[in-house]
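So the sequences go chain by chain: A and B.
When we follow this note's numbering, the leftmost residue of the first sequence carries the number 4, and every step to the right adds one.
When we follow this note's numbering, the leftmost residue of the second sequence carries the number 4, and every step to the right adds one.
Written below as structure tokens is the structure these notes are about.
Number of protein chains: 2
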Amino acid sequence: MGDLKDDKQEDVKSWKQNPEAVRMDIIKVATEEFAANGLSGARVNEIAAKTKTSKRMIYYYFGDKEGLYQQVLIEAYRSVREGESELDLEHLDPPTALRKLVEFTFDHHRRNPDFIRLVMIENIHNADYLKQTAFMKTLNQPVIERLTALYERGLNEGVFRAAISPVTLHWHISALCFFNISNLETFNVSFGKQLFTKAGQSRLKQQVVEMVLRYTLKPEWIDQCLSER
Amino acid sequence: MGDLKDDKQEDVKSWKQNPEAVRMDIIKVATEEFAANGLSGARVNEIAAKTKTSKRMIYYYFGDKEGLYQQVLIEAYRSVREGESELDLEHLDPPTALRKLVEFTFDHHRRNPDFIRLVMIENIHNADYLKQTAFMKTLNQPVIERLTALYERGLNEGVFRAAISPVTLHWHISALCFFNISNLETFNVSFGKQLFTKAGQSRLKQQVVEMVLRYTLKPEWIDQCLSER
DNA sequence: AAATAAATTAACCAAATGGTACAAAAATGC
DNA sequence: GCATTTTTGTACCATTTGGTTAATTTATTT
Chain A
4 MGDLKDDKQE
14 DVKSWKQNPE
24 AVRMDIIKVA
34 TEEFAANGLS
44 GARVNEIAAK
54 TKTSKRMIYY
64 YFGDKEGLYQ
74 QVLIEAYRSV
84 REGESELDLE
94 HLDPPTALRK
104 LVEFTFDHHR
114 RNPDFIRLVM
124 IENIHNADYL
134 KQTAFMKTLN
144 QPVIERLTAL
154 YERGLNEGVF
164 RAAISPVTLH
174 WHISALCFFN
184 ISNLETFNVS
194 FGKQLFTKAG
204 QSRLKQQVVE
214 MVLRYTLKPE
224 WIDQCLSER
Chain B
4 MGDLKDDKQE
14 DVKSWKQNPE
24 AVRMDIIKVA
34 TEEFAANGLS
44 GARVNEIAAK
54 TKTSKRMIYY
64 YFGDKEGLYQ
74 QVLIEAYRSV
84 REGESELDLE
94 HLDPPTALRK
104 LVEFTFDHHR
114 RNPDFIRLVM
124 IENIHNADYL
134 KQTAFMKTLN
144 QPVIERLTAL
154 YERGLNEGVF
164 RAAISPVTLH
174 WHISALCFFN
184 ISNLETFNVS
194 FGKQLFTKAG
204 QSRLKQQVVE
214 MVLRYTLKPE
224 WIDQCLSER
């Protein structure tokens, strides 16, 4: 018993190649590490250890730490924008569509804290790594286009106020939904946890919706659109 | 010419003590470094080099890097809250006072990007270092108190809608003003610089004011209060 | 099947980093 | 004026870190 023959010849030293899977494994691990610790805080050794492969592979595929970070960023933006594109707002009346968009954004940011953290981290670095990629504008264009279409429908139907720029509208929605996650911890410490309990969050979500709608709707439509739901 | 005598005996090896000045010098330099590079990104050597004193002093006064970071945070919060307390809103009618508060917050955050960055960084660290200090709630209480007084005045005068919590109101104002600075760079890259030119910023400020007022005011007062200015 | 290219491993390295040991100069107490 | 305590400067160190060298294994081409 226990003689060491070629009983299991498979697990001795043998591996299949699967570059793409290895790449994605590294990116996934690195995403968590960078989101948790920032660019300078993350440790390549730590990332490598949590990977199915070795540190050498990281440098083989990504060149250096910053190259890896940049790919993590790109991948994060891509996957988030992909998620957003599932929304279809065209068949809803404009106020309802806007409400749905805000609610979706609010929930979406809550479900993707790692993405929020990566964006925070990238801002700390003055967006230097996003600037290098340069395809950012293309990637983000659809967001604005959808919102523009929605806003113009609302204008034509006479329910939205004029002279709001879609980019500004997007900025407002982003600000409220982003801050909710990004500053959760310091706000907690400073002002208590009321807003961040489960009940607090669903109340807050409705208030954010309300804020955006009260800003966008013509006054005469406010009461109807807010009670509606 | 050039003989080395005791010509200047004063600058050889002599110094006056001034602990508090040294401490503040370190904190000031460290604030910039931490704001620029984060906790893990900042280098103690670099901080020391930019100081009038030596690395040894940093460890003497602050124990370790994290201790220094923590003091930097505390000092930053204190000085910012101090600045805010200069506002006196009591003698203005509630809508005007609220407008002034929002405008002030917007400008204030713009003038203190280092503070914004420190808060971002602290959030990346899950507010662990603020949690340790525990006097945060005391420090931030006045902000809520002032806002509560203002809101209740507005209620009594019949110009504000009911059932808005002051903490929530503060959250909304903070979110919009904070995001403006914190996410400036990534927003720039993603959606263009329109909102962050000089003209763009003053327009945005008015829109933020408008958003808060439309949310807070009773509908019948909106037109009057927004045109007023 | 031989030669070439791509993918992977393990051991190693120089530089940078947070932190300290030691000693000397000022201030303070007696 | 002397002893003790506080404050400061210099030189140094152990560890960690990002990154590499060189060799081995699998896949692909001819």
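Glycine included, C-beta positions come from ideal geometry on N, C-alpha and C.
State yes or no: is the beta carbon of residue 35 of chain A nearer than 8 Å to at least one beta carbon in chain B?
no
Buried or exposed (CB count within 10 angstroms, at least 16 for buried), residue 37 of chain A:
buried
Would residue 65 of chain B be called buried (16 or more neighbouring beta carbons within 10 Å of its own) or exposed?
buried
Compare the Cα-Cα distances from residue 91 of chain B to each of B:115, B:100, B:208 and report the closest residue.
B:100
Here's the rule I'm using: 16 or more other beta-carbon atoms within 10 Å means buried, otherwise exposed. How should residue 27 of chain A be labelled?
exposed
Residues of chain A with CB under 8 Å from residue 190 of chain B, in chain order?
174, 177
Residue(s) in a DSSP beta bridge with residue 220 of chain B
B:163
Helix, strand or coil, according to DSSP, for residue 93 of chain A in the structure here?
coil
Could you give the residue range of the alpha helix (DSSP H) that holds residue 37 of chain B?
22 to 44
So the alpha helix (DSSP H) residue 197 of chain A belongs to, where does it begin and stop?
Here residue 197 of chain A belongs to no alpha helix (DSSP H), and DSSP marks it neither H nor E.
Between the beta-carbon of residue 55 of chain B and the beta-carbon of residue 48 of chain B, is there less than 8 Å?
no
Examine chain B for any beta-carbon lying closer than 8 Å to the beta-carbon of residue 152 of chain A, and answer yes or no.
no
Apart from the five residues on each side of it in sequence, which residues of its chain come closer than 6 Å, Cβ to Cβ, to residue 108 of chain B?
176, 180
Report yes or no: is there a C-beta of chain A within less than 8 Å of the C-beta of residue 71 of chain B?
no
Strictly under 8 Å for the Cβ-Cβ distance: is residue 204 of chain B near chain A by that measure?
no
Does any residue of chain B have a CB that is nearer than 8 Å to the CB of residue 87 of chain A?
no
Any 3 or more C-beta pairs closer than 8 Å across the stretch 205 to 225 of chain B and the stretch 163 to 177 of chain B:
yes
Which same chain residues, not among the five before or five after residue 123 of chain A, have their C-beta less than 6 Å away from its C-beta?
185
Taking residue 194 of chain B and residue 170 of chain A to be in contact with their CB atoms under 8 Å, please state how far apart those CB atoms are, rounded to whole angstroms.
6 Å
Hey, how far is the Cα of residue 88 of chain B from the Cα of residue 166 of chain B?
26 Å
By Cβ distance below 8 Å, which residues in the same chain neighbour residue 119 of chain A in space, the five residues on each side in sequence not counted?
112, 181, 184, 185
Does residue 50 of chain A come within less than 8 Å of chain B when only Cβ atoms are used?
no
Compare the C-beta of residue 120 of chain B with all C-beta atoms of chain A and state if any pair is closer than 8 Å.
yes
If we cut at 8 Å on Cβ distances, does residue 182 of chain A have a partner in chain B?
yes
Delimiting residues of the alpha helix (DSSP H) encompassing residue 136 of chain B:
131 to 136
Could you check whether residue 32 of chain A and residue 53 of chain A sit closer than 8 Å to each other, using their CB atoms as the reference points?
yes
Nearer than 7 Å: is that true of the beta carbon of residue 158 of chain A relative to any heavy atom of the ligand MN?
Ligands are entirely absent from the displayed structure, and the ligand MN is therefore not among its contents.
With C-beta atoms as the reference, is residue 132 of chain B less than 8 Å away from residue 73 of chain B?
yes
Under 8 Å by Cβ, that's how I've got residue 149 of chain B and residue 220 of chain B pegged, so tell me the actual separation to the nearest angstrom.
The Cβ separation is near 19 Å, so there is no contact.
Listing by chain order, which chain B residues have their CB less than 7 Å from the CB of residue 197 of chain A?
170
Does residue 107 of chain B get closer than 8 Å to chain A when you measure Cβ to Cβ?
no
Check whether chain A comes within 8 Å of residue 210 of chain B, counting only Cβ atoms and requiring the distance to be less than that.
yes
Please name the residue, chosen from B:68, B:114, B:97, B:60, that lies closest to residue 45 of chain B on a Cα-to-Cα basis.
B:68
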